[in-house]
Amino acid sequence: PGQYGRNYLAFFSSNGPSADGRVKPDVVAPGLSVLSARALPLQTGECDPSGITLMAGQAIDGVNYRYGTSFSAPAVTANAALIRQYFMEGFYPTGSRSSSNVFLPSGQLIKAVILNGAQPLAGYQPYNNGFQTPVPLSSGTLGYDNQQGYGRVILQTSLALSYSGVRMKNIIFDRVQISDYQVHQIFITIDSTNCDSKDFSVIISWADPPAVDGCTSCSLNDLDLTVSTSGSQTYYGNGGTSKDYKNNVERVRISKVSDGDLTVTIAASNLATSTQNYSLVMAGCPVYKSRSGFNGQSLCPCPPSTTCYYSCPQPSG
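Oh and the sequence shown: position 228 is 239 in my numbering, straight run, nothing missing.
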């Protein structure tokens with residue numbers, strides 16, 4: 012009783028940041044009062060209770076309410092499996108299954124989809140001999156704090172599905188290679204025609220090389236994401252007012268975005284390796300126009316509304 016639900020952070024949820032100051036946790040998912048199967052020692056045939064509605068904290072017959080990362084982590088894992096299936100069955104970019112669009116997504120792309128669609132929580136609910144009135148999180152409703160990370164996982168705001176009832180669009184690139192001091196630019200326009208999304212969100216994610224034990228500044232390959240409007244306003248990654256030098260995930264979210272042109276820029280600097288691969292995901296109402304700085308690199312998946320004469324990585328078997 013008194014619980015406000017999935018849009019509020021549980022009182023026992025662990026906080027970040029990492030030892031070198033990176034945003035942690037990455038995301039959050041429901042892990043309080045989760046109705047779960049119950050195994051009773053030395054008993055068989057446990058079933059759901061008949062004619063009884065369980066309250067939070069109760070355990071009856073073959074079910075009980077549980078809490079912790081043992082329940083939130085499987086929820087995120089299940090979302091990751093669905094995202095992988097989405098690409099493996101060719102749902103991108105149309106939102107409908109197509110064998111001609113099948114490709115094998117990288118782990119970084121799956122992570123990027125999860126974090127890009129994550130939504131900020133409404134607050135934190137303390138507990139003191141009972142659930143208390145919720146209070147705001149440190150970042151308010153913006154996200155990017157060390158209590159909720161990038162927010163609560165929700166696929167409805169992550170990927171387009173033609174039959175979901177939510178009209179949205181994606182632009183997605185995987186395994187994009189960038190060299191030290193190279194700059195990639197993607198030119199898009201926001202077009203709300205036949206599209207319901209009010210926000211635009213773009214994210215890059217990359218697997219940074221391993222740092223040495225005990226490092227105090229552990230990021231080795233620095234990529235920076237910015238989004239610029241035609242009116243010369245610039246948005247920086249992770250809600251900042253300047254470049255982010257610590258995190259290997261950077262997201263820009265523009266709320267109540269207006270129709271018009273945007274430039275998405277990815278810049279590499281001070282790479283410890285000669286090149287770095289990254290994955291990029293856009294969600295909302297973006298329409299692809301063109302790109303520059305890629306030096307003829309073949310982009311997978313094929314840019315929307317274009318024809319590609321090469322193959323993207325395919326599932327084996």
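Every residue gets a Cβ at the ideal spot worked out from N, C-alpha and C, and that includes glycine.
If you're wondering where the values come from, they're calculated on a predicted model, not measured in any experiment.
Length of the line joining the Cα atoms of Thr252 and Val45: As a working mapping, residue 252 is identified with position 241 in the sequence shown. As a working mapping, residue 45 is identified with position 34 in the sequence shown. Roughly 38 Å between the two C-alpha positions.
Identify the continuous alpha helix (DSSP H) that holds Leu92 and give its terminal residues. Walking along the sequence shown from the start, residue 92 turns up at place 81. The sequence given here has Ala at residue 92, not Leu. From DSSP, the alpha helix (DSSP H) with Ala92 extends over Thr80 to Met99.
Are there three or more Cβ pairs, one per stretch, closer than 8 Å when the segment 201-217 is compared with the segment 306-313? no
Locate the beta strand (DSSP E) running through Val34, then write down its first and last residues. Translated into positions along the sequence shown, residue 34 becomes position 23. No beta strand (DSSP E) contains Val34, which DSSP labels as neither H nor E.
Using only CA atoms, which one of Asn281, Pro145 and Asp37 lies nearest to Lys122? Translated into the one-based positions of the sequence shown, residue 122 becomes position 111. With distances taken between Cα atoms, Lys122 lies closest to Asp37.
With burial defined as no fewer than 16 other Cβ atoms inside 10 Å of the residue's Cβ, what is the status of Leu273: buried or exposed? Stepping through the sequence shown from its first residue, residue 273 is reached at position 262. By the 10 Å Cβ count, Leu273 comes out buried.
Check Leu43 in the structure and name its three-state DSSP category. Within the sequence shown, residue 43 is the residue found at index 32, counting from 1. Residue state, collapsed to three classes: coil.
Under DSSP, the alpha helix (DSSP H) around Asn75 begins and ends at which residues? By one-based count along the sequence shown, residue 75 stands at place 64. Here Asn75 belongs to no alpha helix (DSSP H); instead the beta strand (DSSP E) covers Val74 to Arg77.
Rounded separation between Lys180 and Gln136 - CA only: Numbered from 1 along the sequence shown, position 169 holds the residue referred to as residue 180. Numbered from 1 along the sequence shown, position 125 holds the residue referred to as residue 136. About 34 Å.
Which residue from Thr237, Lys267, Thr276 and Tyr103 puts its Cα closest to that of Ile197? By 1-based counting over the sequence shown, the position of residue 197 is 186. Nearest option by C-alpha distance: Thr276.
Given 8 Å as the limit, is there contact between the segment 69-83 and the segment 43-57, that is, 3 or more CB pairs closer than that? yes
For the candidate residues Leu53, Ser212 and Val113, whose alpha-carbon lies nearest to that of Gln130? Walking along the sequence shown from the start, residue 130 turns up at place 119. The shortest Cα separation from Gln130 among Leu53, Ser212 and Val113 belongs to Ser212.
Whether or not the segment 152-164 and the segment 103-121 are in contact is what I'm after, with contact meaning three or more pairs of Cβ atoms, one per stretch, closer than 8 Å; do they touch? no
Say yes only if the C-beta of Ala89 is nearer than 7 Å to one or more non-hydrogen atoms of the ligand SAM, and no if none qualify. No copy of the ligand SAM appears in this structure; indeed no ligand is present at all.
Taking buried to mean at least 16 other C-beta atoms within 10 Å of its own C-beta, is Asp270 buried or exposed? In the sequence shown, the residue the question calls residue 270 occupies position 259. Burial call: exposed.
Rounded to whole angstroms, how far is the Cβ of Lys35 from the Cβ of Pro41, which I believe are closer than 8 Å? The residue given as residue 35 occupies position 24 in the sequence shown. The residue given as residue 41 occupies position 30 in the sequence shown. Contact flag wrong, Cβ pair sits at about 19 Å.
Contact the segment 241-257 vs the segment 181-192: 3+ CB pairs below 8 Å: no
When the Cα of Gln193 is compared with those of Ala92, Ala279 and Tyr138, which residue comes out closest? Here residue 193 corresponds to residue number 182 of the sequence shown, with the count starting at 1. Minimum Cα distance to Gln193 is reached at Ala279.
Given a cut-off of 8 Å on the beta-carbon distance, is the pair Leu132 and Val39 in contact? Against the sequence shown, residue 132 aligns to sequence position 121. Against the sequence shown, residue 39 aligns to sequence position 28. The answer is yes: Cβ separation under 8 Å.
Terminal residues of the continuous alpha helix (DSSP H) containing Ile125? Locating residue 125 in the sequence shown gives position 114, counting from the first residue. Here the alpha helix (DSSP H) through Ile125 covers Gly118 to Gly128.
From Val124 to Phe114, what does the alpha carbon distance come to, in whole angstroms? Taking the sequence shown and counting its residues from 1, the one referred to as residue 124 is at position 113. Taking the sequence shown and counting its residues from 1, the one referred to as residue 114 is at position 103. Using only the alpha carbons, I get a separation of about 15 Å.
Helix, strand or coil: how does DSSP classify Asn26 here? Here residue 26 refers to the residue found at position 15 of the sequence shown. In this structure, Asn26 counts as coil in the three-state DSSP scheme.
Can the beta-carbon of Tyr289 be found closer than 8 Å to that of Trp217? Taking the first residue of the sequence shown as position 1, residue 289 is located at position 278. Taking the first residue of the sequence shown as position 1, residue 217 is located at position 206. In this structure, Trp217 lies closer than 8 Å to Tyr289 by Cβ.
Looking at the unbroken beta strand (DSSP E) that takes in Pro297, where does it start and where does it end? Within the sequence shown, the letter at position 286 stands for residue 297. Counting along the chain, the beta strand (DSSP E) containing Pro297 begins and ends at Pro297 to Ser303.
Return the chain-ordered list of same chain residues with a C-beta closer than 6 Å to the C-beta of Leu291, the five sequence neighbours on each side being excluded. Here residue 291 is taken as the residue at index 280 of the sequence shown, counted from 1. Result list for Leu291: Phe184 and Ile215, in chain order.
Gly128 to Gly141 span [Cα, whole Å]: Taking the first residue of the sequence shown as 1, we reach residue 128 at position 117. Taking the first residue of the sequence shown as 1, we reach residue 141 at position 130. Using only the alpha carbons, I get a separation of about 32 Å.
If you check the beta carbons only, do Gly134 and Tyr19 fall under 8 Å apart? By 1-based counting over the sequence shown, the position of residue 134 is 123. By 1-based counting over the sequence shown, the position of residue 19 is 8. A contact, by the Cβ cut-off of 8 Å.
Considering Asn258, what are the terminal residues of the beta strand (DSSP E) in which it resides? For this step, residue 258 is matched to residue 247 along the sequence shown. Here Asn258 belongs to no beta strand (DSSP E), and DSSP marks it neither H nor E.
Taking C-alpha atoms, which residue in Gln14, Gln325, Ser111 and Val268 lies nearest to Ser239? Here residue 239 refers to the residue found at position 228 of the sequence shown. Of the candidates Gln14, Gln325, Ser111 and Val268, the one whose C-alpha sits nearest the C-alpha of Ser239 is Val268.
Which residues does DSSP list as the beta-bridge partners of Cys108? To locate residue 108, count along the sequence shown from 1; it is residue 97. At residue 108 the sequence reads Arg, which differs from the Cys that was named. According to DSSP, which records beta bridges pairwise, Arg108 is partnered with nothing at all.
Close-in-space but distant-in-sequence residues of the same chain around Lys300 (CB under 8 Å, 5 per side omitted): Working through the sequence shown from its first residue, we reach residue 300 at position 289. So the list reads Phe198, Ile199, Thr200 and Asp272, once near-sequence residues are dropped.
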